[in-house]
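Residue numbering for the sequence shown follows the numbering used here, starting at 47 and increasing by one per position. Where a beta carbon is used, it is the ideal one built from N, C-alpha and C, also for glycine. Data first, discussion second: the structure below is written as structure tokens.
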Amino acid sequence: MGAAARQDPRGPGYPFPPGGQVPLHADAQARYSRHLLLPEVGPAGQDRLTAARVLVVGAGGLGSPALLYLAAAGVGTLGIADGDRVELSNLQRQVIHSRPGDPKTGSAAARIAALNPLVRVVEHPALDASNALDVLRGYDLVLDGSDNFPTRYLLDDATAMLGIPLVSGSVYKFEGQVSVFNHAGGPGYRDLFPEPPPPGSVPTCGEAGVLGVVPGLVGMIQATEALKLLLGIGSPLAGRLLVLDALDMSTREVAFSRDPARPVPTALIDYPAWCGVPAARVPELAPSELDAKWAAGWDPYVIDVRRPAEVADGVLPRGHAAFPHD
């Protein structure tokens with residue numbers, strides 16, 4: 047996948063022998079022994095995983111299981127790009143985290159270090175058009191665990207420009223979708239979704255809800271696709287959108303192809319503006335952050351407009367107004 051031509055995010059001097067051959071020491075042989083038994087993997091395949099560099103964008107519901115399984119599999123370098131902090135409501139599905147308030151990249155890196163100290167983790171801030179190309183150049187594959195359309199289109203354009211495969215996933219309530227974009231000149235996200243949906247037309251998990259295990263299922267499928275691509279085995283979900291319905295545990299596929307009239311992008315754009323996302327976001331506070339500020343003496347008057355089902359995230363003290371709405 048042209049990894050040798052890209053900058054190694056592990057820094058100069060990191061042992062990265064020509065051809066990607068990395069000797070397996072005794073502890074690695076024991077750790078990856080079940081991989082070594084597979085003819086499709088074996089020592090040569092494990093060497094490829096050890097030499098591989100994967101960037102996971104979003105350490106949330108999709109990124110959590112993907113990171114854990116890629117780390118357990120022995121992917122040598124895992125990059126994590128996320129600018130958020132852990133919130134209490136994340137823990138229902140974001141199983142790599144355990145403590146609200148921690149930066150997600152640091153929280154995920156600590157968990158990976160405990161799971162497999164042979165894996166090197168590189169933390170990155172949230173991606174945008176100003177830094178995406180520089181960050182992605184250091185990786186062989188990108189796994190998209192984001193939860194917003196601007197990031198999805200950003201990653202599709204950036205990976206197409208750099209010739210890096212993109213393993214994409216998304217969830218909605220009880221349903222999940224997975225596909226592989228921009229693999230070996232194949233179709234991209236824009237071939238499946240040429241234009242973003244109207245702003246506000248697709249509810250987020252925070253608005254519509256999601257069964258906690260569904261991101262886990264989808265994230266593990268994404269990790270599987272990533273490992274297949276790194277190992278060069280099987281048939282990737284390129285040109286195929288896998289749709290999972292957890293309520294009846296069924297799957298179906300939607301075939302799609304590259305639009306020959308669509309040119310490869312040559313520059314990144316302002317994706318939030320293109321997707322109709324307001325430039326200035328209203329500041330938000332998680333219930334745990336609000337509690338901490340109250341404990342420190344901050345005492346604003348609060349109007350609570352949450353629905354009854356959302357009040358479990360945190361109950362306001364007396365003396366504040368509640369106007370629940372649907």
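DSSP places G125 within a strand segment (E or B) once states are collapsed to three. Within the stretch 221–309, the complete alpha helix (DSSP H) segments at least 4 residues long are 235–238, 251–254 and 259–277, listed from N- to C-terminus. The stretch 72–139 is shown to contain whole alpha helix (DSSP H) runs of 4 or more residues at 72–77, 79–82, 88–97 and 109–119, in chain order. The alpha-carbon of Y218 is positioned some 20 Å away from that of L283.
Less than 8 Å divides the Cβ of V103 from the Cβ of V188. Of the other Cβ atoms in all chains shown, 16 or more fall within 10 Å of the Cβ of I267; this residue is therefore buried. In summary, S303 is exposed, with fewer than 16 beta-carbon neighbours lying within 10 Å of its beta-carbon over all protein chains present. Secondary structure at V217: strand, using DSSP grouped into helix, strand and coil.
With a beta-carbon spacing of about 14 Å, G231 and D202 fall beyond the 8 Å limit used to define contacts. When rounded, the separation of the alpha-carbon atoms in H143 and L161 is 13 Å. Contact between the stretch 111–126 and the stretch 84–99 is established, with three or more Cβ pairs separated by less than 8 Å.
The DSSP-derived three-state label of P311 is coil. Of the residues assessed, R353 falls on the exposed side of the cut-off, its CB having fewer than 16 other CB atoms within 10 angstroms. Residue pairing of P149 in beta bridges, as defined by DSSP: R131. A residue is called buried once 16 or more other Cβ atoms fall within 10 Å of its Cβ, and L83, having fewer, is exposed. Contact check for I126 and V167: beta-carbon distance about 6 Å, within the 8 Å limit, so the pair qualifies.
If only complete runs of 3 or more residues are kept, the stretch 140–213 shows the beta strand (DSSP E) at 166–170 and 187–190, in order along the chain.
Setting aside the 5 residues that flank it on each side, E271 is surrounded in the same chain by V213, V224, V226, P282 and L283, each with a C-beta closer than 8 Å to its C-beta; the list follows chain order. Two segments are said to touch when three or more pairs of C-beta atoms, one from each, lie closer than 8 Å; by this definition the stretch 144–159 does not touch the stretch 238–247. Secondary structure of D337 (DSSP, three-state): helix.
In terms of Cβ geometry, N228 and P211 form a close pair [threshold 8 Å]. In this structure, the beta-carbon distance from T197 to L173 falls below 8 Å. Excluding its 5 nearest sequence neighbours in each direction, Y317 has C-beta neighbours in its own chain below 6 Å: P196, Y199 and L200, listed in chain order.
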